[in-house]
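Take a look at the structure below.
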Amino acid sequence: MTEYKKPIITEMRPKITVIGVGGGGGNAINNMIAEDLQGVDFIAANTDAQALAMSKAARRIQLGAAITEGLGAGSLPDIGNAAAQESIDEIMDHLGGTHMCFVTAGMGGGTGTGAAPVIAEAARRAGILTVAVVTKPFSFEGKRRMQTAEFGIERLRESADTVIVIPNQNLFRIADAKTTFADAFMIADRVLYSGVSCITDLIVKEGLMNLDFADVKTVMKGMGRAMMGTGEAAGEGRAMMAAEAAIANPLLDEVSMRGAKGVLVSISGGMDMTLFEVDEAATRIREEVYDEADIVVGAIFDRSLDGTFRVSVVATGLDSAARSADAAAPEAMNGQAAAAPIRTLQ
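Numbering of the sequence shown is given in the UniProt record's numbering, commencing with residue 1 and proceeding in unit increments.
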């Protein structure tokens, strides 16, 4: 008699790596580690040896030791670029086996501006889905630093699959006279954290509708310009309020998500989250985009959110062609977006 054995099924999860580049990127991943972001590996990469030594990341890369001698890039992107080129083999060794890489940095300085595009391009060429989540400087930091940041962002858009930009200047929209400088940067770091966690949580956490890596790839690979927003609400009507807050993120520039080619919707709540609420929030997001958009929706449980409903949205493919399509939309729509079909994943 033949004995049949049950097949051994190995659980395979995508390897997700977040690499913080320069001082701003290093601060961002320190915050993510402090917030206990799950399911990702962290790498700190910097030309400044002293700042690197203070990183909470288990893996650290000193960029361009021969070029900078550990003293930083001196706000010169060319030095940051050369430093990353010098260390690219070490960087790729650390990214071995990675399926998705988030590159986070503050644009406008030397290391983040110069090195982040080099790292993103190398990761993408290696077949890694590469998403850059970066900040732009405050206006008071000067025109030259802003121009440097814009240059770095354009390089990133040529290098990464998807780029999300958070302008620090927009912190003034939610700050008041009592908001400290430290508090303002904590808010910015929290936004960077949200940009990463709203994607990774859908893959690694328990949920009603989890996404697999292929779903994420569908809406993020080769999409270029992107925006993201997160909203939370409690009480009556919380699903709609959270969705509205996610759409109207005050920290982003006035970029409409209507012309998006891809939309990832992450819905999370406690065990009291209802199917009706998930439908209500997802439908509200759907109304913001055209029917050509590829929309994927995931919903997860987070016991820390009992009583609270959270909606996070990442809209991708917001390039000039999408904006032109938005401008050319027929007047018959009377300001209402066509309803795109939602693709939910279980």
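C-beta: ideal position from N, C-alpha, C; glycine also. Predicted, not measured: the structure shown is a model, and the values here were computed from it.
Checklist entry - What residue from Cys-101, Ala-115 and Met-100 has the CA that sits closest to Glu-86's CA? => result Ala-115
Next on the checklist: I'd like the span of the beta strand (DSSP E) that includes Asp-36, first residue to last.
Outcome noted: First-last for Asp-36: undefined, no H or E at that position.
Next on the checklist: I need the DSSP call for Ala-115, collapsed to helix, strand or coil.
Outcome noted: helix
Checklist entry - Tell me which same chain residues have a C-beta within less than 8 Å of the C-beta of Thr-218, skipping the five on either side of it? => result Gly-262, Asp-294 and Val-296
Next on the checklist: Would the region 129-148 count as touching the region 95-111 if we require 3 or more Cβ pairs under 8 Å?
Outcome noted: yes
Item to check | First and last residue of the uninterrupted beta strand (DSSP E) at Ala-299 | outcome: 294-301
Item to check | Leu-71, buried or exposed, once every other Cβ within 10 Å from all chains shown has been counted against 16 | outcome: exposed
Checklist entry - Anyone know if the C-beta pair for Ile-300 and Asp-201 falls short of 8 Å? => result yes
Checklist entry - If you follow the beta strand (DSSP E) that Gly-80 is part of, which residue opens it and which one closes it? => result Per DSSP, Gly-80 belongs to no beta strand (DSSP E); it is in the alpha helix (DSSP H), 77-86.
Item to check | Inter-residue spacing [alpha-carbon to alpha-carbon] between Ala-122 and Val-216 | outcome: 20 Å
Checklist entry - Is there contact between the region 176-194 and the region 267-285, where contact requires at least three CB pairs shorter than 8 Å? => result no
Item to check | Endpoints, beta strand (DSSP E) assigned at Gly-269 | outcome: 262-269
Checklist entry - Contact between the region 77-94 and the region 57-68: three or more CB pairs below 8 Å? => result yes
Checklist entry - Short check: CB of Met-227 to CB of Ala-282, under 8 Å? => result no
Checklist entry - In the structure shown, what three-state DSSP assignment does Lys-143 receive? => result helix
Item to check | First through last residue of the alpha helix (DSSP H) which encompasses Glu-277 | outcome: 275-286
Checklist entry - What did DSSP end up calling Val-204 once you bin it into helix, strand or coil? => result helix
Item to check | Contiguous alpha helix (DSSP H) assignments of at least 4 residues, all confined to the region 182-237 | outcome: 213-220
Checklist entry - Is Phe-138 helix, strand or coil when you go by DSSP? => result coil
Item to check | Reduced DSSP category for Asn-249 - H, G, I as helix; E, B as strand; rest coil | outcome: coil
Next on the checklist: I believe Pro-117 touches Gly-152 by the beta-carbon criterion, under 8 Å. Please report the beta-carbon distance rounded to the nearest angstrom.
Outcome noted: 7 Å
Item to check | Identity of the residue in Glu-292, Ala-126, Phe-181 and Phe-309 nearest Ala-160 by Cα | outcome: Ala-126
Checklist entry - DSSP puts Leu-171 in a beta bridge; with which residues? => result Looking at the DSSP assignment, Leu-171 forms no beta bridge with any residue, so it has no partner.
Checklist entry - If we ignore side chains and look at the alpha-carbon of each, how far apart do Arg-13 and Val-204 end up? => result 8 Å
Next on the checklist: Here's a check: name, in chain order, each residue in its chain whose Cβ is nearer than 7 Å to the Cβ of Met-92, leaving out the five neighbours to either side.
Outcome noted: Ala-122 and Ala-126
Item to check | Whole-angstrom distance between Arg-286 and Leu-251, CA atom to CA atom | outcome: 21 Å
Checklist entry - Is it true that the CB of Leu-37 sits closer than 8 Å to the CB of Tyr-193? => result yes
Checklist entry - In whole angstroms, what separates the C-alpha of Ile-267 from that of Val-311? => result 5 Å
Checklist entry - Should residue 400 and Ala-58 be called a contact, given that it needs their Cβ atoms to be closer than 8 Å? => result With the chain running from 1 to 346 in the structure shown, residue 400 is simply not present.
Checklist entry - Using CA coordinates, which residue listed in Val-196, Gly-108 and Arg-303 is at the minimum distance from Val-18? => result Val-196
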